[in-house]
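Note that UniProt numbering has the sequence shown beginning at 1, numbered continuously upward.
Below: one structure, written as structure tokens.
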Amino acid sequence: MTLDVSVRHRLDAFSLDIAFSAEGGITALFGRSGSGKTSLIRILAGLIRPDEGHVRLDGETIIDTASKAVTPPHRRRFATVFQEGRLFPHLSVRQNLLYGRWFSRPPAETGEIERVVGLLGIAPLLARPTAHLSGGEKQRVAIGRALLARPRLLLMDEPLAALDDARKAEILPYLERLRDETAIPILYVSHSVTEVTQLADRVLMIENGRLTASGTASDMLSLPGSSAAISRREAGTVIEATVLPHQPDPRIVKVAAGGLTLFLAGTARQPGQRLRLRIAARDILLATKRPEGLSALNIIEGVMTGMAPCGQDQIDVTLDCAGTRLTARITTVSADMLALTSGMPVHAVIKTVALDP
Numbered sequence: 001m002t003l004d005v006s007v008r009h010r011l012d013a014f015s016l017d018i019a020f021s022a023e024g025g026i027t028a029l030f031g032r033s034g035s036g037k038t039s040l041i042r043i044l045a046g047l048i049r050p051d052e053g054h055v056r057l058d059g060e061t062i063i064d065t066a067s068k069a070v071t072p073p074h075r076r077r078f079a080t081v082f083q084e085g086r087l088f089p090h091l092s093v094r095q096n097l098l099y100g101r102w103f104s105r106p107p108a109e110t111g112e113i114e115r116v117v118g119l120l121g122i123a124p125l126l127a128r129p130t131a132h133l134s135g136g137e138k139q140r141v142a143i144g145r146a147l148l149a150r151p152r153l154l155l156m157d158e159p160l161a162a163l164d165d166a167r168k169a170e171i172l173p174y175l176e177r178l179r180d181e182t183a184i185p186i187l188y189v190s191h192s193v194t195e196v197t198q199l200a201d202r203v204l205m206i207e208n209g210r211l212t213a214s215g216t217a218s219d220m221l222s223l224p225g226s227s228a229a230i231s232r233r234e235a236g237t238v239i240e241a242t243v244l245p246h247q248p249d250p251r252i253v254k255v256a257a258g259g260l261t262l263f264l265a266g267t268a269r270q271p272g273q274r275l276r277l278r279i280a281a282r283d284i285l286l287a288t289k290r291p292e293g294l295s296a297l298n299i300i301e302g303v304m305t306g307m308a309p310c311g312q313d314q315i316d317v318t319l320d321c322a323g324t325r326l327t328a329r330i331t332t333v334s335a336d337m338l339a340l341t342s343g344m345p346v347h348a349v350i351k352t353v354a355l356d357p
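In structure tokens form, the structure reads like this:
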């Protein structure tokens, strides 16, 4: 699947001017609220007609303002999941799911319905009225209804934004399964570093209606200066890791990340499993000598490669650790005390519980 988009549109004082292409998997549209992400989704869904530009899916023209070609929304087979589930309150969960069948040609069969129900873990909910569902359950039903419409493209507009942290943690594993077990390409709108880190294959950085950068999640969500949408507390490094076959202690998980070996909290991991780790810059301590007598299990040797100011009396220190880049955030006082200079050997200390797979 190749989605080719180049559109320009003006909304009052705000203008959207963006061009990109996306392949399969999950492509995240990442940026602050008001950056134009939802406007772009609405153009793709057919809720807004752009002033100028085109949208093509696998070479098929969906919109082309030059030739005035427009495919009506109901014929695009693009399904949208919004921030709220938008379920029909007078229908049960099963009836809401079956409603999506009528938009697919041919309609989804019984086996496909059972597969979607199993994928999203909603079998116990089928007979319930939608008013009796939690926020996370409603979103899973809304996703199921969208899938049963057999979409060619799934548009997800901040589907977890209205949920608290507990409900987000509940639904994220289902979104991972959706990514891994279906062939449906997904455009996922979010301004949450955690969601994008966990889900996205590729990230498009959007600021003020413009595409400012694009690339893998690891590249786009890592310091330095990836995006203004990443808060100072969320800034850090994203790295890919693999669970190692030999585990020295059943209470922790040992992984390989490039040339690094790290220990993570949590035990529900299988050898060979791929993980994406987000290491917050504020969770890394620096030492000029290898420290002893610490509770931290991750003490990593590295070489300092640079420093950059990142706020009042704070500095981001970039390290090369066996070919993997890490960034630590420390105070200027600490940097002066350690007399840090480029090329200097240092040790990065990371608490096991700070690593967030």
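We put the CB at the ideal spot given by N, CA and C, even for glycine.
Closest to residue i by CA distance: which of the options is it?
i	options	result
His9	Gly302, Ala19, Leu163, Leu3	Ala19
Ala79	Leu153, Pro173, Ile43	Leu153
Val81	Gly266, Gly144, Phe14, Ala166	Gly144
Asp283	Leu275, Ala296, Glu292, Arg274	Ala296
Arg140	Gln83, Thr27, Ala66	Gln83
Arg177	Leu120, Pro73, Val346	Leu120
Pro50	Gly236, Ala66, Leu57, Val346	Ala66
Ile239	Gly215, Val253, Arg278, Ile252	Arg278
Ile113	Arg269, Ala146, Arg86	Ala146
Pro271	Val117, Pro245, His347	Pro245
Thr305	Ala322, Gly311, Thr352	Ala322
Pro72	Ile48, Gln247, Val255	Ile48
Met307	Ser33, Gly135, Asp320	Asp320
Ala127	Asp12, Ser92, Gly111	Ser92
Ala281	Ile171, Gly135, Thr237, Asp58	Thr237
Asp12	Val203, Thr352, Lys168, Ser39	Ser39
Met337	Leu286, Val353, Lys351	Leu286
Leu44	Met205, Met156, His90	Met156
Within 10 angstroms of its Cβ, does residue i collect 16 or more other Cβ (buried), or is it exposed?
i	result
His132	exposed
Thr2	exposed
Val196	buried
Gly209	buried
Ala22	buried
Arg75	exposed
Arg274	exposed
Asp165	exposed
Gln198	buried
Thr327	buried
Gly118	exposed
Thr318	buried
Thr341	exposed
Thr27	buried
Lys68	exposed
Thr332	exposed
What distance in whole Å lies between the Cβ atoms of residue j and residue i, which are believed to be in contact at a cut-off of 8 Å?
i	j	result
Ser218	Phe30	So it is not a contact: roughly 13 Å between Cβ atoms.
Val349	Leu260	Not a contact, Cβ separation roughly 13 Å.
Cys310	Arg329	6 Å
Leu98	Ala142	Their Cβ separation, rounded to whole angstroms, is 14 Å, which puts Leu98 and Ala142 out of contact at 8 Å.
Ala169	Gly135	Not confirmed; about 12 Å, so no contact.
Leu221	Val243	Incorrect: roughly 21 Å between the Cβ atoms, too far for contact.
Just reading off the alpha helix (DSSP H) that residue i is part of, what are its end residues?
i	result
Asn208	That residue, Asn208, is in no alpha helix (DSSP H); it is neither H nor E in DSSP.
Asp349	According to the sequence shown, residue 349 is Val rather than Asp. Unbroken run through Val349 is the beta strand (DSSP E), 345-350; no alpha helix (DSSP H).
Gln314	Counting along the chain, Gln314 falls outside any alpha helix (DSSP H), though it belongs to the beta strand (DSSP E) covering 314-321.
Thr237	Careful: Thr237 lies outside any alpha helix (DSSP H), inside the beta strand (DSSP E) at 236-243.
Gly136	135-147
Val93	93-99
Thr38	37-45
Arg338	As written in the sequence, residue 338 is Leu, which differs from the Arg given in the question. That run of the alpha helix (DSSP H) goes 332-338.
Ser218	217-220
Just reading off the beta strand (DSSP E) that residue i is part of, what are its end residues?
i	result
Met156	153-157
Gly4	The displayed chain sequence assigns Asp, not Gly, to residue 4. Residues 3-11.
His54	52-57
Val196	Run containing Val196: none in the beta strand (DSSP E); it sits in the alpha helix (DSSP H), 193-199.
Asp17	14-22
Ile171	Counting along the chain, Ile171 falls outside any beta strand (DSSP E), though it belongs to the alpha helix (DSSP H) covering 165-181.
Pro271	First-last for Pro271: undefined, no H or E at that position.
Leu264	260-265
Pro309	298-309
Return the CA-CA distance between residue i and residue j, expressed in angstroms with no decimal places.
i	j	result
Asp201	Arg290	36 Å
His54	Asp249	55 Å
Thr288	Glu301	10 Å
Glu137	Asp180	20 Å
Ala183	Tyr174	15 Å
Arg347	Ile315	For the record, residue 347 in the displayed sequence is His; it is not Arg. Roughly 17 Å between the two C-alpha positions.
Arg251	Asn298	15 Å
Arg32	Asp64	28 Å
Ser192	Gln247	32 Å
Gln95	Lys254	45 Å
Ile62	Gln312	49 Å
Arg269	Glu292	29 Å
Arg77	Arg150	7 Å
Val353	Phe263	9 Å
Ser214	Arg167	29 Å
Asp4	Glu60	10 Å
Glu207	Gly266	36 Å
Verify the CB distance criterion: does residue i have a CB-CB separation below 7 Å to chain D?
i	result
Val253	As a matter of chain content, chain D is missing from the structure shown, which is built from one protein chain.
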